[in-house]
Structures are given as structure tokens and as C-alpha cells.
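Here our numbering is used: the first residue of the sequence shown is 162, the next is one more, and so on. Everything on this sheet refers to the single structure shown next.
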Amino acid sequence: TSILVAEIPIEDAYKPVSTLSRSILASYLFFLFALVIIFNYLIRYYTNPLKKLINGIRRIGSGDMDFYLNINTHDEIGELSDTFNKMVISIKKARESIIGYNKNLERKVEERTRELRSEIDERKKTEQELIKSEEKYRILTEQSVEFIYWKTVTGKINYVSPNCLAMTGYSQKEYLDNPDLPEEIVDKEDREILDKLQYALNRREKIRNLQFRIRKKDKKVRWFRYYHIPIFGSNGDFIGFRCSNTDITDY
162 TSILVAEIPI EDAYKPVSTL SRSILASYLF FLFALVIIFN YLIRYYTNPL KKLINGIRRI
222 GSGDMDFYLN INTHDEIGEL SDTFNKMVIS IKKARESIIG YNKNLERKVE ERTRELRSEI
282 DERKKTEQEL IKSEEKYRIL TEQSVEFIYW KTVTGKINYV SPNCLAMTGY SQKEYLDNPD
342 LPEEIVDKED REILDKLQYA LNRREKIRNL QFRIRKKDKK VRWFRYYHIP IFGSNGDFIG
402 FRCSNTDITD Y
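Structure representation (C-alpha cells):
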């Protein structure tokens with residue numbers, strides 16, 4: 162048996178191993194580089210849309226309702242983008258509706274304010290005219306021999322002439338405090354006349370030369386001739402009756 166011994170340099174002996182090691186290292190580096198590229202792509206793929214979405218939320222929050230999020234992907238990010246854009250459109254419409262409602266409300270408030278001012282001015286004017294009329298009326302009635310009073314629509318006595326005290330024994334204050342006093346002093350035997358009087362008052366009709374007896378505060382009986390006429394304000398509204406009583410006992 163013979164043995165063949167060959168002598169090979171150590172470099173040549175380890176050359177296949179070195180080649181394999183370099184191949185494995187190159188493959189590892191290539192894989193690592195590819196992994197970095199893929200990872201970077203994925204990060205950009207997902208983070209960029211999220212950054213756009215965050216930026217869009219900030220712009221909407223600052224009042225920019227014309228912002229549109231443009232993300233053209235067919236995944237969850239794309240669906241989120243579409244939902245965001247629809248939400249912005251809804252918010253914009255709601256905001257426009259609120260702005261329109263507020264403008265309409267402001268316009269109505271301004272119109273109503275002008276109407277109220279006009280009504281207040283008209284009322285002040287009417288009150289001033291009424292004060293002037295009352296003053297003239299007072300001057301005329303105080304010089305009159307008639308017992309005169311003004312009965313309003315609500316049945317309240319708004320004015321009574323001072324000579325009521327001399328003619329009936331009751332003061333102005335008593336008439337103003339008790340609007341039914343003119344009817345209460347009518348003598349019991351003439352109370353049926355009150356039905357005729359009330360009928361005319363309800364129909365806002367004039368009454369002339371209605372004669373009846375009254376009992377003064379001291380129980381003395383006097384004959385009165387009564388008449389009344391409707392009173393209308395400057396705007397044509399009915400405001401009551403001017404009632405007049407004349408003592409005809411001695412005639």
C-alpha cells in the first residue's frame with residue numbers, strides 16, 4: 162500500500178471557505194440594505210399621509226374650510242382621507258348654514274328694533290298729544306257747570322271734573338277709585354235706565370238727553386240730564402266715552 166502525499170499552500174486550502182464567507186457576507190449586506198430600503202418606504206408610505214392628515218386637522222382648526230386632503234391610496238389610509246374630506250365638506254356646509262342663520266337673525270332683530278323704535282316714538286307722540294288734550298280738557302271742564310268724566314275702554318275713569326263734589330257730594334278721588342260710582346248713585350227707582358245706558362256703551366253709541374235721579378252722598382235726590390259721546394284717538398282707535406251730567410232739578 163502506498164500513500165500519496167500532496168503539499169498544498171494553506172491559502173489555497175482555505176480559499177473555498179473564504180469565498181463562501183465573502184458570499185454569505187455580501188448576501189447579508191444586500192439583504193440588510195434591501196430591508197432598510199423597504200422599511201424606509203413603508204415609513205414614508207404610512208407616515209406621510211398621517212402628516213398630511215395632521216396638517217389638515219390643524220388647518221381646519223384654524224378656519225381653513227377650503228382645505229382638501231389629497232391621498233390616493235386604496236387602503237385604510239385612503240378611506241380615512243375620504244372620510245376626512247367628507248367631514249370637512251359637512252362642517253363647511255354647517256358653518257355656512259349657521260352664518261346664514263345668524264345673518265338672517267341679525268336682520269330680523271334690526272327690523273324688529275326699528276319697528277319697536279317707531280312704535281315707541283309713536284306712543285310718545287300720542288302720549289304727548291294726550292297730555293296736551295287732557296290739559297285743554299281740564300281747563301274747559303273746570304269752567305263748565307256740567308259734571309264731566311272720561312270713561313276708558315276698560316271701564317276705568319281716567320278723568321273727572323272737580324265740580325263732581327258740589328253736584329254729587331263725592332270727590333274726584335272717590336270716582337277715580339271706584340269707576341262704578343256714577344251708576345251706583347242712580348236712584349233705585351231709575352235703575353232700569355242703566356240697562357239702556359250699558360247697551361249704548363257696549364255698542365259705542367251716543368246717548369243724549371237721558372234723564373234720571375241720583376242720590377247725593379247726603380242722601381238728597383237730584384235730577385240729572387245725562388249724555389255721552391265716543392272718543393277716538395289721533396290714530397282713529399276708540400279710547401272711551403266723554404260723559405256729561407247736568408243738574409236739572411231746579412229747571
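For every residue, glycine included, the Cβ atom is placed at its ideal position computed from N, Cα and C.
Measure the CB-CB distance between residue i and residue j and report whether it falls below 7 angstroms.
{"i": "VAL321", "j": "TYR336", "result": "yes"}
{"i": "ILE368", "j": "TYR388", "result": "yes"}
{"i": "ILE390", "j": "GLY401", "result": "no"}
{"i": "PRO340", "j": "ILE354", "result": "no"}
{"i": "SER405", "j": "GLU307", "result": "yes"}
{"i": "MET226", "j": "LYS264", "result": "no"}
{"i": "SER395", "j": "GLU283", "result": "no"}
{"i": "ARG403", "j": "TRP311", "result": "yes"}
Report the three-state DSSP secondary structure of residue i (helix, strand or coil).
{"i": "ARG365", "result": "coil"}
{"i": "ARG352", "result": "coil"}
{"i": "LYS312", "result": "strand"}
{"i": "GLY224", "result": "coil"}
{"i": "TYR262", "result": "helix"}
{"i": "ASP408", "result": "strand"}
{"i": "ASN319", "result": "strand"}
{"i": "TYR360", "result": "helix"}
{"i": "VAL249", "result": "helix"}
{"i": "GLY394", "result": "coil"}
{"i": "VAL306", "result": "coil"}
{"i": "GLY401", "result": "strand"}
State the Cα-Cα distance for the pair residue i and residue j, rounded to the nearest angstrom.
{"i": "LEU186", "j": "LYS213", "result": "40 angstroms"}
{"i": "LYS269", "j": "GLN333", "result": "47 angstroms"}
{"i": "ARG220", "j": "LEU266", "result": "29 angstroms"}
{"i": "ARG275", "j": "ILE281", "result": "10 angstroms"}
{"i": "ALA361", "j": "ARG352", "result": "15 angstroms"}
{"i": "ILE215", "j": "PHE192", "result": "34 angstroms"}
{"i": "GLY397", "j": "ARG364", "result": "17 angstroms"}
{"i": "ASP356", "j": "GLU350", "result": "13 angstroms"}
{"i": "GLY217", "j": "ILE259", "result": "22 angstroms"}
{"i": "THR180", "j": "PHE245", "result": "56 angstroms"}
{"i": "LYS381", "j": "ASN324", "result": "17 angstroms"}
{"i": "THR287", "j": "ARG273", "result": "20 angstroms"}
{"i": "ILE198", "j": "SER188", "result": "15 angstroms"}
{"i": "VAL249", "j": "GLU271", "result": "32 angstroms"}
{"i": "GLU257", "j": "ASP243", "result": "21 angstroms"}
Take residue i and list the residues in its own chain whose beta-carbon comes closer than 6 angstroms to its own, dropping the five residues that flank it on each side.
{"i": "THR315", "result": "none"}
{"i": "ASP379", "result": "GLY330"}
If you drop the 5 nearest sequence neighbours on each side, which residues of the same chain put their C-beta closer than 7 angstroms to that of residue i?
{"i": "TYR262", "result": "none"}
{"i": "ASN370", "result": "ARG386 and TYR388"}
{"i": "LEU342", "result": "TYR331, GLU335 and TYR336"}
Under 8 angstroms Cβ to Cβ from residue i, same chain only, skipping five residues before and after it: list those, please.
{"i": "PHE399", "result": "VAL314, ARG365, PRO391, ILE392 and PHE393"}
Problem set entry | Validate contact between the stretch 315-335 and the stretch 372-381 using beta carbons, cut 8 angstroms, 3 pairs | yes
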